[in-house]
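Numbering (this note's numbering), first residue to last: 4 to 504.
Structure below.
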């Protein structure tokens, strides 16, 4: 009787399921006919969202990879965006929403760290700056872009809650860096991926990823971008991630892992040279010295001799244009690019003085600069008017002046406090890992501190508030400071205020 009842009960259930499947297929077919490929994108998005609901950490991993390989950001909602950038926005929104639903349903605790509180205060203060700006309608897109990075930071801090997840996150970032470096090498050797500087300017609007051929005193320099949108941003990504390869090498349990970490270093260093950036050279030397002082890179007599020989022979293979642009001291004081940067920074300093409280609002530096009559403003006007550059993307080549001019002195103090808190947490975690004898934790926190120091130095030369690699590193640093690598929370994590959803 029970078997019969089960069969009778299963009949209507199976029929209903089959009819529902047919109905869904019919709706999908009609949607495809009506909207074309958009329906398929919607179906793929729905399936991906369901996967993120089950595995929120997967959403973070995919979003991180897409963000890195998608290059420089563009206006939120802009039509001329690359496929990876569009995918990163969709994946990021789906991952954050899936995580939020998980928090509500499972009543998990939200980790609300001290850096998070200061960062949210900065976001709120910067909103006031945009609100009081005369061009606020144009600048809100920049504020929303900043808000998405803050959301990413919160998501990563909460999902990177164990040693294995943190290690996987690091490897994903480094493998993406390896892919970008390999792409940069392809740009350098393939003429089809190179373009003269004038033509490159015309291609900016179409987001064409090419290596720029730039004239220097020593000839032509083929400056690679590696998918980062510009050679400066590729150099920053390499500078901020290369220290992590020391952690990957020390924590790798197989020859494959160690080999990949060494390959990442080799490709990264070559790509860094091919960016032809003076910032890359200066900050790279400083990072190498810090790694040596931290004993993360051991300078034995044999290695010193090997490095000296490598540098000696490398000198003969370096392009003459690199020697002229990067290794020539006159280029650091007398070049036209340096003079233009000084004008950009002087303009930012004046804006900060004129609007010391709220600044000119996020994304407001460029539009304000275009109203002036200085030489560099004329250059920027040509890019905006003739080459369709978004004016809010224009920066002053200095992170600190950028933040001060766009968010005021209060905004600058909040951002510096945020970075200081992240550094404090990393150093405290390092002490606890050392006391616990956790070598993996010690290696990670040491290299993360070097990564942040690399940013603080490079930020003197680059306006990098909304560069995605910054937020990946500070999120990783904040998360790693609250968890031991066995999955257990660090001792000091219990004193951090937490809030239930």
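Backbone N, C-alpha and C fix where the C-beta goes; we use that ideal spot for every residue, glycine too.
* Which residues bound the alpha helix (DSSP H) around residue 112? -> It is not in any alpha helix (DSSP H) - residue 112 instead sits in the beta strand (DSSP E) that spans 112-114.
* With contact counted as at least three CB pairs below 8 Å, one residue from each stretch, are the segment 282-291 and the segment 433-452 in contact? -> no
* On a CA-only basis, which of 198, 190 and 259 is nearest residue 237? Give me that one, please. => 190
* CA-CA distance, residue 97 and residue 342? -> 44 Å
* To do: Report yes if the CB atom of residue 377 is closer than 8 Å to the CB atom of residue 350, and no otherwise.
  => Yes, the Cβ-Cβ distance between residue 377 and residue 350 is below 8 Å.
* Asked: Using the C-alpha atoms, what's the distance from residue 162 back to residue 60?
  -> Using only the alpha carbons, I get a separation of about 6 Å.
* Where residue 159 falls, given that 16 or more other Cβ within 10 Å makes a residue buried -> In this structure residue 159 is buried. Its beta-carbon is surrounded by 16 or more other beta-carbon atoms within 10 angstroms.
* For residue 481 and residue 118, believed in contact at Cβ under 8 Å, the rounded distance -> The pair is a contact, with the Cβ atoms about 5 Å apart (cut-off 8 Å).
* Asked: Are the segment 248-268 and the segment 458-477 in contact at 8 Å, needing three or more beta carbon pairs?
  -> no
* Could you check what DSSP says for residue 209 in three-state terms: helix, strand or coil? => Reliability of the predicted coordinates at residue 209 is poor, the pLDDT of 39 falling under 50, and the value obtained from them is presented with this limitation in mind. Correct three-state label for residue 209: coil.
* Integer-rounded CB distance, given that residue 379 should sit under 8 Å from residue 422 -> Not a contact, Cβ separation roughly 28 Å.
* Asked: Among 271, 176 and 431, which residue has its Cα nearest to the Cα of residue 69?
  -> 176
* Compute the distance between the beta-carbons of residue 271 and residue 245, then report whether it is under 8 Å. => yes
* Which parts of the segment 232-302 are runs of the alpha helix (DSSP H), unbroken and 4 residues or longer, counting only runs that do not cross its ends? -> 234-254, 258-277 and 281-296
* Rounded separation between residue 82 and residue 312 - CA only -> Low confidence applies to residue 82: its pLDDT is 37, below 50, so where it sits in the model is not reliable, and the reading given next is rough at best. Distance between the alpha carbons of residue 82 and residue 312: 51 Å.
* Asked: Is residue 370 helix, strand or coil when you go by DSSP?
  -> helix
* Nearest to residue 91 by CA position, among 410, 143, 296 and 152, is which residue? -> Measuring from the Cα of residue 91, the nearest candidate turns out to be 152.
* Environment of residue 354 [buried if 16+ CB atoms lie within 10 Å] -> buried
* Buried versus exposed, by CB contacts within 10 Å (16 or more), residue 276 -> buried
* **Best match in 251, 360, 198 and 99 for proximity to residue 228 [C-alpha to C-alpha]** => 198
* Asked: Going by other Cβ atoms of all chains shown within 10 Å of its Cβ, with 16 needed for buried, is residue 231 buried or exposed?
  -> By the Cβ neighbour-count rule, residue 231 is buried, with 16 or more other Cβ atoms within 10 Å of its own.
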